[in-house]
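Residue numbers (my numbering): 1 to 861.
Glycine residues also receive a C-beta, built at the ideal position from the N, C-alpha and C atoms.
None of these values were measured; they are calculated from a predicted model.
What follows is a set of notes on a single structure, which appears directly below.
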Amino acid sequence: MALSFWLPFFFLLIYFIYRHMAPFGSSTILTVDLGQQYLDYFAQFKHTVLHDPSAFFYSFSSGLGGDMVAEWSYYLMSPFNFIFLLANPTTLPDWILLVTLLKVAFAGLTMALFLNKAMHLKGYIITIFAINYPLSAWFIANDLNLLWLDTAILVPIVLLTLHKALRNGKVWPFTLSLALAILSNYYMAWMLALFLVLYLPIAWANEQPKHSLILLFKTTLASLSAVLVTAWLWLPTLAQLRLGKTTHSAKWTLGFENNPAFLFFKLIPGSFDFNQMQSGQANFLVAPIILFFIWPFFSKKSISWLEKLFSLLALSILILATCWTPLILLFHGGQYPVWYPARFSFFISLLIIILAARGYKTGWLPSIPARIFFLTGTLAVTIFGSLQLNKLSYLDKPELLAFLFVYLLTILTLLFLNQHLPRLWALGILTSFFLIANLAMTLNHISYLTNKEYQSGAKQVSLVDQSLKQDHSWYRVAEGLGRTYNDGFLGNFKAGSHFSSLLPANSATFYRNMGQISGDSKVSYNNGTTVLDSLLSFKYYLDQSNDSSAKSTTALRKSNRPDYQKAPVVASGNGWALKENQTVLPVAYAASNQALNTPINIRYPLANQERLLTYLAGKKDEILLTQQPLTISGSYNLAKSQNITGGVIQAVNKREPASLLLTFTPTTDGAYYLNLGGAFDLSGVILTLNGHQIKQESGYNHTVALNLANDAKGKEQTLAIVLQKGTSQRYLDDFALYAFDKKKVQSDLAKLRTHPLKITKSNSRTIEGSISTTKEQPLIMTSTLSAPGWSAKVDGKSVATKTVAGGLLAVPTTPGKHHVILTYTPPYLLAGIAISSTFAFLVLLIYGYKRFFSLARSRRP
């Protein structure tokens with residue numbers, strides 16, 4: 001069985017070395033979410049375990065702050081993550097490669113244990129069958145999704161303990177293994193629960209246990225026990241899901257999401273590419289030997305017809321769930337998967353392997369109907385696939401030839417090689433070749449981040465963290481340069497962006513209302529203003545430096561912020577400079593009660609910022625924002641348009657670039673911002689100011705504000721909107737220029753800084769300090785996002801918190817000096833702990849009771 005561990009390990013390792021992945025060359029294993037999201041979480045894991053355990057509950061490094069228990073439940077509960085304690089930001093890709101190898105290898109080992117202990121296979125056939133699991137198409141296509149692999153590793157153990165429970169009545173191993181699966185990843189555990197519903201009748205028909213009703217009750221109780229003992233984790237996770245992901249309703253239909261006929265192509269090695277990663281068919285490929293031995297499973301008379309019926313039913317439902325909408329939504333928790341379709345499809349591979357193991361018989365010779373079926377099926381898939389070569393990007397001739405070659409040789413081996421050991425060797429070689437071919441052909445379709453690209457961003461983040469260690473105040477860092485949305489985790493600083501599948505809806509809504517990029521899974525603080533930066537405690541801005549080395553960080557540039565051009569530099573390095581915001585507000589300060597009535601209009605983020613500041617300052621009627629004139633000064637290849645705001649620019653000849661030139665001359669030294677409506681599609685559009693391209697993130701569907709100029713009084717500015725070749729027209733939705741009154745803004749911010757919270761104690765979930773409020777400013781206002789888990793104590797008494805501007809946390813007080821404690825406790829965490837601990841105590845009590853009386857009976861004379 002050891003080979004079931006080492007063969008997948010070495011097959012994958014050899015490929016990684018071939019692709020020159022760090023530490024073996026200039027590439028990395030980082031691609032898509034692994035490089036953009038998961039890596040940063042692994043850094044957060046280390047920070048939490050070694051430096052700040054309170055970060056398990058909450059983190060200010062995730063956007064403006066967010067719950068972390070649910071994030072751990074999805075991203076970080078794998079015991080393999082302890083390996084990352086040995087890593088640092090520059091070596092993380094090396095350790096991720098090792099963890100990937102180990103997870104794939106352990107999946108092979110657990111599958112081998114299952115086949116041996118539950119299916120009673122002996123000898124090398126165990127390895128031949130077992131390696132099909134960790135080297136199946138699902139594992140290879142999803143090896144980057146490390147957080148899902150732990151459940152896949154545990155599933156064979158869960159099934160093994162289920163079989164043993166049905167044999168001997170001992171259910172506690174099943175409870176333990178199922179509990180571990182729930183803890184490893186709640187999302188995949190949901191899919192496992194559905195699979196167990198399908199698999200239990202199969203196992204029941206297989207084992208044919210006595211005392212069926214009693215065992216059914218014990219098995220049900222064991223499953224419930226696993227759920228109860230893990231309530232401390234999944235219950236607060238469920239609370240967060242209700243605040244975020246489950247607020248996005250999916251459309252339930254009876255239609256098909258993809259063509260079921262194309263599932264046959266997933267039997268071909270390498271039938272996967274980047275497009276399939278986004279939206280495609282399920283990945284469940286295993287070697288031909290597995291599919292061939294399903295035939296004797298259904299033809300064996302020693303296997304009961306009930307087991308065959310339940311197996312066929314389970315397999316049909318799993319396959320249907322890869323393409324039929326209701327089952328797709330059911331298996332994915334009521335939500336359409338965003339990228340990585342059919343995330344449960346490893347259960348198809350698993351079930352096929354189990355059925356083949358049940359049908360395996362030494363020296364089995366395919367019957368004539370079996371020969372006709374397999375030969376006809378092989379040729380049909382090959383011919384049908386060859387006809388689709390020009391239509392399907394993930395198919396090519398070498399893949400089809402590999403499929404045909406191995407399937408035909410496997411058939412010939414089963415027909416003409418009757419000696420046991422030579423037959424096993426031939427089947428083992430063919431299986432290994434087929435799985436290796438799928439591994440290489442699949443991963444060759446995927447591009448990876450180079451080590452140089454990764455290191456440039458990781459080193460910059462690390463240097464920023466080192467530069468800020470001397471500042472012990474509470475602050476955030478706005479990133480004009482950045483590697484990912486989760487740089488705050490990698491660099492251990494409070495950032496403004498975040499990428500998470502558990503993003504709360506109120507976080508995305510607040511960002512949208514303030515003109516920042518937001519979506520279902522990400523928020524991006526790239527369009528800050530002088531007003532918003534100060535209100536949200538962004539004390540520093542990470543900018544591209546003006547020296548010759550700035551080219552090294554050009555690819556990392558995220559925003560356009562000329563309002564920081566003359567800000568003092570507190571630290572700098574190779575192509576980057578950390579600049580200070582001198583008007584920043586602390587994390588909490590005294591403000592006017594008017595803020596509780598701040599009006600919000602989703603179409604006008606700059607106006608929302610204006611109102612938030614004026615209402616906080618107690619000047620709700622003050623005007624800080626004015627619209628500035630834009631003049632059309634020229635155009636090229638454009639049809640004439642009378643309007644700028646709400647107008648349409650249309651290319652006369654879309655085969656050529658087209659451009660519109662607009663000019664404006666600032667009348668003040670303040671910052672000027674361009675309002676861009678959500679209907680202004682920036683794809684195929686380039687914006688330049690005075691000949692220099694402006695960096696602006698695209699892909700949003702709401703209004704944002706783009707900083708164009710600052711300290712440019714009396715200097716004419718030329719803004720160009722360039723439609724690239726092939727772009728016919730664009731709608732200038734809410735396209736208008738605005739400017740803040742710099743003196744009034746600074747005056748209002750200065751007023752709010754007069755009564756700051758003096759922090760005496762803080763960590764990732766607690767802020768404690770003293771503050772003086774006044775009759776004019778009795779409200780304790782914070783730059784922290786409001787959430788159900790926040791509680792406040794003022795002078796030792798609990799006070800109900802308030803929400804300002806639809807997103808920020810505030811605490812009402814009376815005028816005077818106060819001692820304030822703000823604490824975050826994940827909703828339902830205490831309830832979950834109470835349920836789990838009470839249940840565990842009762843189990844121990846019952847066990848102790850039985851143990852005591854058992855010993856007492858044994859000592860009786």
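With distances taken between CB atoms, is the gap from residue i to residue j smaller than 7 Å?
i, j, result
"F272", "Y133", "no"
"A203", "L160", "no"
"L30", "Y454", "yes"
"V569", "A577", "yes"
"A736", "L612", "no"
"S349", "S184", "no"
"L400", "T376", "no"
"A739", "T626", "yes"
"F57", "V69", "yes"
"F256", "W324", "yes"
"T663", "S633", "yes"
"L178", "V158", "yes"
"A222", "Y336", "no"
"A505", "G244", "yes"
"P53", "L829", "no"
"H818", "I767", "no"
"N878", "N560", "No information on residue 878 is available, as it lies outside the stretch 1 to 861 that the chain covers here."
Using a 10 Å radius around the Cβ and a threshold of 16 neighbouring Cβ atoms, would you call residue i buried or exposed?
i, result
"A141", "buried"
"Q565", "exposed"
"A755", "According to the sequence provided, residue 755 is His. The question's Ala does not apply to it. The residue in question, H755, is buried, as its Cβ has 16 or more Cβ neighbours within 10 Å."
"P827", "buried"
"G63", "buried"
"T554", "exposed"
"E716", "exposed"
"S764", "buried"
"V794", "buried"
"F16", "buried"
"K761", "exposed"
"A639", "exposed"
"G796", "exposed"
"T773", "buried"
"P422", "exposed"
"T220", "exposed"
"R358", "buried"
"Q388", "exposed"
Quick test of your reading: residue i and residue j, contact by CB under 8 Å. State the CB separation rounded to the nearest angstrom.
i, j, result
"S836", "W232", "4 Å"
"L7", "T127", "7 Å"
"L430", "T410", "5 Å"
"V241", "L502", "Just to set this straight, residue 241 is Leu in the shown sequence, not Val. Confirmed, Cβ separation roughly 7 Å."
"T813", "P778", "6 Å"
"T718", "N690", "6 Å"
"L101", "L13", "6 Å"
"F493", "L468", "6 Å"
"T614", "G65", "Contact doesn't hold; Cβ gap of about 25 Å is too wide."
Identify which residue in the options has its Cα closest to the Cα of residue i.
i, options, result
"Q696", "Q724, L64 and G528", "G528"
"A440", "F11, L76 and S764", "F11"
"L113", "G832, S783, S4 and S367", "S4"
"A437", "A571, H47 and V286", "V286"
"Y589", "F374, L330, T782 and L638", "T782"
"R730", "A571, L146, K793 and A651", "A651"
"A130", "L109, T219, M191 and L752", "L109"
"A193", "W172, N206, N88 and L154", "L154"
"S447", "Q516, M277 and E656", "M277"
"F344", "A357, L355 and I328", "I328"
"K713", "P657, A679 and Y672", "Y672"
"R753", "L535, L708 and A792", "L535"
"V587", "I759, A792 and W234", "I759"
"K397", "S386, F405 and A380", "S386"
"Q544", "D533, L532 and P562", "P562"
Compare the C-beta of residue i against all C-beta atoms of chain C and say whether one is closer than 7 Å.
i, result
"Y731", "In the displayed structure, chain C is absent; only one protein chain is listed."
Please confirm if the region 465 to 480 is in contact with the region 291 to 302, defined as three or more CB-CB distances below 8 Å between the two stretches. no
Inter-stretch contact at 8 Å, needing at least 3 Cβ pairs: the region 613 to 633 / the region 680 to 700: no
Between the region 476 to 483 and the region 306 to 323, are three or more C-beta pairs nearer than 8 Å? no
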